[in-house]
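Here the structure comes first, spelled out in structure tokens, and everything after it is commentary.
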Amino acid sequence: MTKEMQNLLDKDCRRIGDAEAEKVYRNCFGCTWDTTLQRQKDGTSFCITGDIDAMWLRDSSMQVLPYLRALADEEVNAAIKGLIWKQAELILTDPYANAFNRNGDYACFRRDKTEMGSYIWERKYEVDSLAFPLFLLEEYCRRAKDAVITDKVKEAVRAVIRVWRTEQSHENSPYRFERDSELPTETLSNEGKGSPVGYTGMTWSGFRPSDDACTYHYLIPANMLAAVVLKGLRNLPLEKEIVEEAEELARQIEAGIYKWGVVRHPEFGEIFAYEVDGLGNYRLMDDANLPSLLGAPWFGFCETNCPVYQNTRKFLLSRFNPFYYEGKWAKGIGSPHTPEGYVWHIALAVQGLTADSIEEKREILNTLINTTAGTYHMHEGFHPDRPAEFTRPWFAWADSMFCLLAAEVHGL
0 MTKEMQNLLD KDCRRIGDAE AEKVYRNCFG CTWDTTLQRQ KDGTSFCITG
50 DIDAMWLRDS SMQVLPYLRA LADEEVNAAI KGLIWKQAEL ILTDPYANAF
100 NRNGDYACFR RDKTEMGSYI WERKYEVDSL AFPLFLLEEY CRRAKDAVIT
150 DKVKEAVRAV IRVWRTEQSH ENSPYRFERD SELPTETLSN EGKGSPVGYT
200 GMTWSGFRPS DDACTYHYLI PANMLAAVVL KGLRNLPLEK EIVEEAEELA
250 RQIEAGIYKW GVVRHPEFGE IFAYEVDGLG NYRLMDDANL PSLLGAPWFG
300 FCETNCPVYQ NTRKFLLSRF NPFYYEGKWA KGIGSPHTPE GYVWHIALAV
350 QGLTADSIEE KREILNTLIN TTAGTYHMHE GFHPDRPAEF TRPWFAWADS
400 MFCLLAAEVH GL
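Under numbering that gives the first Met the number 0, the letters of the sequence shown match residues 0 to 411, in that order.
See below:
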């Protein structure tokens, strides 16, 4: 950690003013910088997710968000700028891949039935894997006026728009994915094409941000984030035709969300579905990972007082959500990706970040602090009655989410 970052961290901890909370904050703040982010000789940065030696486009974007407060530090600035350049390079390597290895040595999670390449760790196509690098790019540019947008970055932006347009009509897509697995969440049906869909204006996703296969392939929260970042491109120094195409695509996606992704629930009224297929089928739930329905106001799709969002939030934080769990130490949203009954630290952080009241934000922050099982780090999922039972002891994205909530609660 640089001297300037250490000074910022010390200042933050003085403001937090609680020994237990400070210890968690120090460990979480340092996790990505000290253990997962590595500068490369070419000026780019490679950022592993933690206990898996591979870089996810989504995770890496989220992992560095707490450091955007420290862009005045030249070393921090260069590292994040280098990550943006690496993400652009990897998107251009294969925009359908979600995770990449470091050295182009064909290291991968599985030899799947899809078009693998030397840098591809996994090729589960997820809309959010392309959306979050744009989210990071826009957040960086909002805070810094550096020359981060190179020709390669522009080409990566064009590639994202091109893929999302292609996937509005998935029958024309070249993408296929099959994995030899007994778990249906690990592969796509229909010879790797996924279950049938109709045209909605939204863009198709093979997998959720959990890396689990979608049931219905118009993933509403991923499309929400896509619409947000497409509109956000207007604030960047890009060619007029890129911005105009992005804004038109955003309009189509947003119209599709409100036409197909809002359904009436007998208990809660109009709410957002999690997935739809454009053929009349939908799934009501939320998953712990971002982008989530719960997180829609945090990443800018709607205001927290939006009536449909408020109805959705009440549904998500209730027994009607099949992945909402309660226990002695915590209550919140989990995921089919982890054992039944496990609550996720990321979902708790998102609940705090989107809460209306400072009291709820503080309550959630205290829950996070009290469920580290003595590790002083966040985890993936944990048992709400027995927090010492958890998945992923080294998961930098979750640590970063804790830092974002702590910063909001304490005015950092």
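Don't be surprised by glycine CBs; every beta carbon is placed ideally from N, CA and C.
Please check if any C-beta of chain B sits within less than 9 Å of the C-beta of Trp297.
No chain B appears in the structure shown, which is made up of a single protein chain.
Can you tell me whether Asp179 is buried or exposed? The criterion is at least 16 other CB atoms within 10 Å of its CB, across all chains shown.
Asp179 comes out exposed.
My output table needs one value for Trp259: the three-state DSSP class, helix, strand or coil.
helix
Would you mind giving the Cβ-Cβ distance between Phe99 and Ala53, rounded to the nearest angstrom? I have them listed as a contact below 8 Å.
Right, the Cβ-Cβ distance comes to about 6 Å (below 8 Å), so this counts as a contact.
Under 8 Å by Cβ, that's how I've got Trp393 and Asp50 pegged, so tell me the actual separation to the nearest angstrom.
4 Å
Going by other Cβ atoms of all chains shown within 10 Å of its Cβ, with 16 needed for buried, is Tyr257 buried or exposed?
exposed
What is the DSSP secondary structure of Met54, reduced to helix, strand or coil?
strand
Could you check which residue in Leu411, Asp276 and His344 has the C-alpha nearest to that of Ala372?
Put simply, of Leu411, Asp276 and His344 the residue whose alpha carbon is nearest the alpha carbon of Ala372 is His344.
Is Ser334 near the ligand PLP, going by C-beta to nearest heavy atom under 8 Å?
No copy of the ligand PLP occurs in the structure displayed, which carries no ligand at all.
For Leu218, write down the residues that DSSP places opposite it in a beta bridge.
Glu274
Could you give the first and the last residue of the continuous alpha helix (DSSP H) run that contains Cys27?
Ala18 to Cys30
Pull up the distance between the alpha-carbon of Tyr124 and that of Ala96, whole angstroms please.
6 Å
With DSSP as the reference, label Trp84 as helix, strand or coil.
Under the three-state reduction of DSSP output, Trp84 falls in the helix class.
Near Asp355, which residues of its chain fall below 7 Å by C-beta distance, leaving aside the five closest residues on each side in sequence?
Thr303
Is DSSP giving Gln37 helix, strand or coil here?
strand
Counting along the chain, where does the alpha helix (DSSP H) carrying Gly116 start and finish?
Neither: Gly116 is in no alpha helix (DSSP H) and is coded neither H nor E.
Check for me: the beta strand (DSSP E) holding Ile160 runs from which residue to which?
Note, Ile160: premise wrong, no beta strand (DSSP E); alpha helix (DSSP H) at Asp150 to Thr165.
Examine the Cβ distances between the segment 209-229 and the segment 124-144 and report whether three or more of them are shorter than 8 Å.
Using a C-beta cut-off of 8 Å, the segment 209-229 makes contact with the segment 124-144, since at least three inter-stretch Cβ pairs fall below that distance.
Using 8 Å as the cut-off, can you tell me whether the segment 319-338 makes contact with the segment 379-389, which would need three or more C-beta pairs spanning the two stretches below that distance?
yes
I'd like the list of long-range same chain contacts for Asn320, defined as Cβ closer than 8 Å, with 5 residues on each side in sequence excluded.
Leu283, Met284, Asp285, Phe314 and Ile332
Could you check which residue in Gln251, Tyr174 and Cys12 has the C-alpha nearest to that of Met422?
The structure shown has nothing for residue 422, since the chain only spans 0 to 411.
Is Leu218 near Glu274, with beta carbons less than 9 Å apart?
yes
Mapping the DSSP letters down to three states, classify Phe176 as helix, strand or coil.
coil
Check whether the segment 5-21 and the segment 31-51 touch, using three or more Cβ-Cβ pairs below 8 Å as the test.
no
Could you pull the start and end residues of the beta strand (DSSP E) that Ile332 belongs to?
Residues Lys330 to Ile332.
Quick one: what's got a C-beta closer than 8 Å to Lys22's C-beta in the same chain, skipping five residues either side?
Tyr375
Between which two residues does the beta strand (DSSP E) harbouring Tyr323 extend?
Tyr323 to Glu325
Just the Cα atoms here: how many angstroms apart are Gly294 and Leu404?
13 Å
Would you tell me roughly how many angstroms separate the C-alpha atoms of Phe28 and Ala20, rounded to the nearest one?
12 Å
By the three-class DSSP mapping on this structure, what secondary structure does Gly49 have?
strand
Which word fits Val262, buried or exposed, when buried means at least 16 other C-beta atoms lie within 10 angstroms of its C-beta?
exposed
Quick check for students: name the residue ranges of the beta strand (DSSP E) that lie wholly in the segment 88-132, counting only runs of 3 or more.
119-121
Would you check if the distance between the CB atom of Asp210 and the CB atom of Glu114 is smaller than 9 Å?
no
Under the rule that 16 or more other beta-carbon atoms within 10 Å means buried, what is Ile119, buried or exposed?
buried
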